[in-house]
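This report refers to the structure that appears directly beneath it.
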Amino acid sequence: MRPLLKKRTLDSNDPASYRPISNLSFVFKVVEKVVDARLAAHAARYNLLPILQSAYRPNHSTETAVICILNDMIGAIDQVHIGALMLLDLSAAFDTVDHQILADVQRRRFGIAVSALDWIVNF
1 MRPLLKKRTL DSNDPASYRP ISNLSFVFKV VEKVVDARLA AHAARYNLLP ILQSAYRPNH
61 STETAVICIL NDMIGAIDQV HIGALMLLDL SAAFDTVDHQ ILADVQRRRF GIAVSALDWI
121 VNF
């Protein structure tokens with residue numbers, strides 16, 4: 001396995017330009033899949049994700065996000081309103097996430113127990 005650049009335009013001599021490589025064993029990859037499935041089921045059962053969020057949800061994708069935007073724009077035109085669209089490149093957004101804030105949101109909004117959350121953070 002070769003490390004991959006996050007973007008083709010980044011400096012190939014800078015180690016920060018590369019995506020991290022997963023060095024997890026098979027067992028840990030299975031555990032990761034189980035935890036992911038349990039968290040996804042919990043979020044779906046209690047409607048914890050925003051209704052228009054397309055990422056990390058079954059039967060949702062960038063295509064469903066685009067369809068939602070297109071529907072909103074057509075609705076605005078039908079009501080003789082002006083529609084505006086601003087696009088953002090969020091491809092590297094996760095690199096800027098404050099993981100302490102993310103863990104706090106998981107604890108408060110998703111109701112993940114402190115012991116389980118500590119395990120996830122350390123995983």
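All letters in the sequence shown, in the order written, are residues 1 to 123 by the numbering used here. C-beta atoms are modelled at their ideal positions from N, C-alpha and C, and glycine is treated no differently. Small disclaimer: the values here were computed from a predicted structure and weren't measured.
Which residue's Cα is closest to the Cα of residue i: the options?
i: Arg109; options: Asn13, Tyr18 and His42; result: His42
i: Val105; options: Phe94, Asp95, Thr96 and Leu117; result: Leu117
i: His60; options: Ala44, Ile74 and Gly75; result: Ala44
i: Tyr18; options: Leu10, Ala65 and Val66; result: Leu10
i: Asp36; options: Ala16, Cys68, Pro58 and Pro3; result: Pro58
i: Thr124; options: Val121, Arg8 and Ser91; result: Outside the displayed range of the chain (1 to 123) lies residue 124, so it cannot be described from this structure.
i: Asn122; options: Ile21, Leu87 and Phe28; result: Phe28
i: Met86; options: Ile77, Met73, Asp95 and Gln79; result: Met73
Would you identify the three-state DSSP class for residue i, choosing helix, strand or coil?
i: Leu117; result: helix
i: Leu39; result: helix
i: Leu24; result: coil
i: Leu88; result: coil
i: Leu5; result: strand
My guess is that residue i and residue j are in contact by the Cβ rule of under 8 Å, so how many angstroms apart are they, rounded?
i: Arg177; j: Val97; result: One cannot answer for residue 177 here, as it falls past the ends of the chain, which runs 1 to 123.
i: Leu39; j: Glu32; result: Not a contact, Cβ separation roughly 11 Å.
*Please list the segments of the alpha helix (DSSP H) lying wholly inside the region 52-81, counting only runs of 4 or more residues, in order along the chain.*
62-78
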